[in-house]
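Per the numbering used here, residue 2 is the first one in the sequence shown, and the count goes up by one each step.
All C-beta atoms in this analysis are idealised placements derived from N, C-alpha and C, irrespective of residue type, glycine included.
All of these numbers come straight from a predicted model, not from anything done at the bench.
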Amino acid sequence: MNTNTPTTNRCRLTRYVQSTQHARGGVGGRGIAMILVLISVSVALVIAGVALTTRDTTSAIGQNATSTSKANWAAESAANIAASVISKNINTWTDAVTTDLMSDWAFADADVTVTVTNAAGLEPTPTDEILIMTITATSGGITKQIVKEVAVTQPVDLSGAINPMLGEFAIFATERLEIANASTVRVWPGCPTSSSRPEVDIGGNFASILDVNIDPTNLYMVRFFPISSGALAVQDMTTDPSFDGGDVVPVNIPTYNTPWSPGLDIQPNMGDVLITGSGNTITLDGATDPLVFMDSLTIDNGAKLIIAGAVEMYVQNDITVDDASFVFENQGASLKLFTGHQVIFQNNAFVGTRDVPTREDALVSNHHADHLQIIVRDEAFQNGHASPTIRVTNALVSADIRAARADVRFENNAILIGRLTARRAAFDNASLFYDPKLGTDSGFTNLAGPCYDQVTSLPVAGLQNALDTFNWTLGEGLFSTWITTQVADDPNAGSSGGVQLLSDTDGTYTSVFEGNFQH
Numbered sequence: 002m003n004t005n006t007p008t009t010n011r012c013r014l015t016r017y018v019q020s021t022q023h024a025r026g027g028v029g030g031r032g033i034a035m036i037l038v039l040i041s042v043s044v045a046l047v048i049a050g051v052a053l054t055t056r057d058t059t060s061a062i063g064q065n066a067t068s069t070s071k072a073n074w075a076a077e078s079a080a081n082i083a084a085s086v087i088s089k090n091i092n093t094w095t096d097a098v099t100t101d102l103m104s105d106w107a108f109a110d111a112d113v114t115v116t117v118t119n120a121a122g123l124e125p126t127p128t129d130e131i132l133i134m135t136i137t138a139t140s141g142g143i144t145k146q147i148v149k150e151v152a153v154t155q156p157v158d159l160s161g162a163i164n165p166m167l168g169e170f171a172i173f174a175t176e177r178l179e180i181a182n183a184s185t186v187r188v189w190p191g192c193p194t195s196s197s198r199p200e201v202d203i204g205g206n207f208a209s210i211l212d213v214n215i216d217p218t219n220l221y222m223v224r225f226f227p228i229s230s231g232a233l234a235v236q237d238m239t240t241d242p243s244f245d246g247g248d249v250v251p252v253n254i255p256t257y258n259t260p261w262s263p264g265l266d267i268q269p270n271m272g273d274v275l276i277t278g279s280g281n282t283i284t285l286d287g288a289t290d291p292l293v294f295m296d297s298l299t300i301d302n303g304a305k306l307i308i309a310g311a312v313e314m315y316v317q318n319d320i321t322v323d324d325a326s327f328v329f330e331n332q333g334a335s336l337k338l339f340t341g342h343q344v345i346f347q348n349n350a351f352v353g354t355r356d357v358p359t360r361e362d363a364l365v366s367n368h369h370a371d372h373l374q375i376i377v378r379d380e381a382f383q384n385g386h387a388s389p390t391i392r393v394t395n396a397l398v399s400a401d402i403r404a405a406r407a408d409v410r411f412e413n414n415a416i417l418i419g420r421l422t423a424r425r426a427a428f429d430n431a432s433l434f435y436d437p438k439l440g441t442d443s444g445f446t447n448l449a450g451p452c453y454d455q456v457t458s459l460p461v462a463g464l465q466n467a468l469d470t471f472n473w474t475l476g477e478g479l480f481s482t483w484i485t486t487q488v489a490d491d492p493n494a495g496s497s498g499g500v501q502l503l504s505d506t507d508g509t510y511t512s513v514f515e516g517n518f519q520h
């Protein structure tokens, strides 16, 4: 019995296992088939759903892309239009009581709003130079917003900026400049304003580097300003360490050209005037003789011509002051001296100073140089005259010399207190003491001044054309007013101000999507 029992149990276990495996095999086959069918159906439904969804939303995606493009384009275009509005009404557009420049403006299938503030986020004022412009454009439920920084060039008033006599230049030469043999160039220390403007500016239009010969030995705070139409090698000189700075002037600078005397026929003609010998003098008081006309003028051997009032003098031919004085009696005296031929000051002559005994006294107690203006007229090359010249040798001259068509030379211990415009200017063992009272800090040499657009660094619109077309017969006193008017009236100048859109303030665009896809 004990022997058969294990055998019976094993047989029963085997049959149970076999029976169980048989039963499981039948049920598992039918389940797998059903699962496969269900999976197939599910996949088909998913594919169909994706296809339907894609087909259904493709149109909406396209519509939104179109709306986005319209909003972008409308915002950028509105920014340009807004800038134009500001530019053309630069004096008045800020009179609005709000910062809204455009509100709910229907433009190119978009609704556009433009607001403008100053850099501090406040309502703009006519003096603001930087504005912040926010443009919002909405098309098809999509909103595009951009923020632009706007640079504003305010209307230009040149009436106090441009001096037609180029007083801002100690020397301006139209062809050649020579400062040689240890000649001195510096500001005149006797001028009360010398400390406020210690720099001296020299420059000109030079076609070649050979047209400039400057010994830097005795230059004191001298800046160099060639103009942009001159030689490139000369332009490179602005960085020369011999100078205390300088720059290339981006405008062609005009030189003062005057007729003999517009519409003026002066009579009587005093003919050839000679004042000679120590103690001999002639005084012009400006009351009985405000206009003086003569063929030639010679003062020599210790004689004096004394100017005691406001006088204009026209000398047809030569002027010579030789070991003599051409002086002013009082602070209110002044002289405009027109000439068109040869001028010689020599042998310890004093010209344009107070009546003092020595050079040292003249340097200290001199009148300002604007008391004497020496003007070489246009007709210098006419009537058989040779090229006009001014030659100063061992003499002291205090004057504003305007001789754009003349050759001017200071030599052998000669001194000029004032300034000079010349065709060819030469200082050879001579001294120039610039009188800053003659100049301005906002003229052609100030590239940050009103003559130039601070965004482009170019002349303000209309300026060059106004300079090129000025009619000098109108008179120097009308120069600045006429230039300002012409610049303001120039069609390319806006209101002589301008507006330029700068880059977006954050460098990127921002888009705001409103609502859901519509389909």
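Using the Cβ count rule (16 or more neighbours within 10 Å means buried), how would you classify E169?
buried
How many whole angstroms separate the CB atoms of R420 and L439, which I take to be in contact at a CB cut-off of 8 angstroms?
5 angstroms
Using the DSSP secondary-structure output, state which residues sit across from T406 in a beta bridge.
Before going on, a small fix: residue 406 reads as Arg here, not Thr. Answer is none; R406 lacks a bridge partner.
F445 to V488, Cα distance in whole Å?
15 angstroms
Inter-stretch contact at 8 angstroms, needing at least 3 Cβ pairs: the segment 370 to 378 / the segment 336 to 350
yes
Among the candidates Y221, P242, P251 and L220, whose CA atom is the shortest distance from the CA of L233?
P251
Please report how far the alpha carbon of H368 lies from the alpha carbon of K149, in whole angstroms.
55 angstroms
For V98 and D129, I'd like the C-alpha separation in whole angstroms.
Here the model assigns V98 a pLDDT of 43, short of 50, so the residue's position is not dependable, and the following value carries that caveat. Taking the straight line from one Cα to the other gives about 16 angstroms.
Every unbroken alpha helix (DSSP H) within the segment 205 to 292, with a cutoff of 4 residues, ordered by chain
233 to 236
For A121, three-class secondary structure by DSSP
coil
For C160 versus S481, is the C-beta distance shorter than 8 angstroms?
According to the sequence provided, residue 160 is Ser. The question's Cys does not apply to it. Cβ distance < 8 angstroms, so S160 and S481 count as in contact.
A309 to D286, Cα distance in whole Å?
4 angstroms
Inspect the CB distances between the segment 298 to 306 and the segment 272 to 280 and report whether three or more fall short of 8 angstroms.
yes
C-alpha distance - D216 paired with S243, whole-angstrom precision
9 angstroms
Could you check whether N430 and S279 sit closer than 8 angstroms to each other, using their CB atoms as the reference points?
no
Using a 10 Å radius around the Cβ and a threshold of 16 neighbouring Cβ atoms, would you call T144 buried or exposed?
buried
Cβ of Y167 within 8 angstroms of Cβ of I254?
One detail in the question is off: residue 167 reads as Leu in this sequence, not Tyr. Yes, they are a contact pair.
Rank F327, A405, A427 and R410 by C-alpha distance to the C-alpha of S399 and give the top, closest one.
F327
Classify S432 as buried or exposed, calling it buried when 16 or more other Cβ atoms lie within 10 Å of its own Cβ.
buried
Could you say which of A288, A162 and I320 lies nearest to D296 if we only look at CA atoms?
I320
Taking 7 angstroms as the cut-off, is the beta-carbon of I133 closer than that to any non-hydrogen atom of the ligand FAD?
Only the bare structure without any ligand can be found here, which leaves the ligand FAD out of the picture.
Going by DSSP, what residue range makes up the alpha helix (DSSP H) through L421?
That residue, L421, is in no alpha helix (DSSP H); its beta strand (DSSP E) goes I416 to D429.
Let me know if I36 comes out buried or exposed under the rule of 16 or more other beta-carbons within 10 Å of its beta-carbon.
exposed
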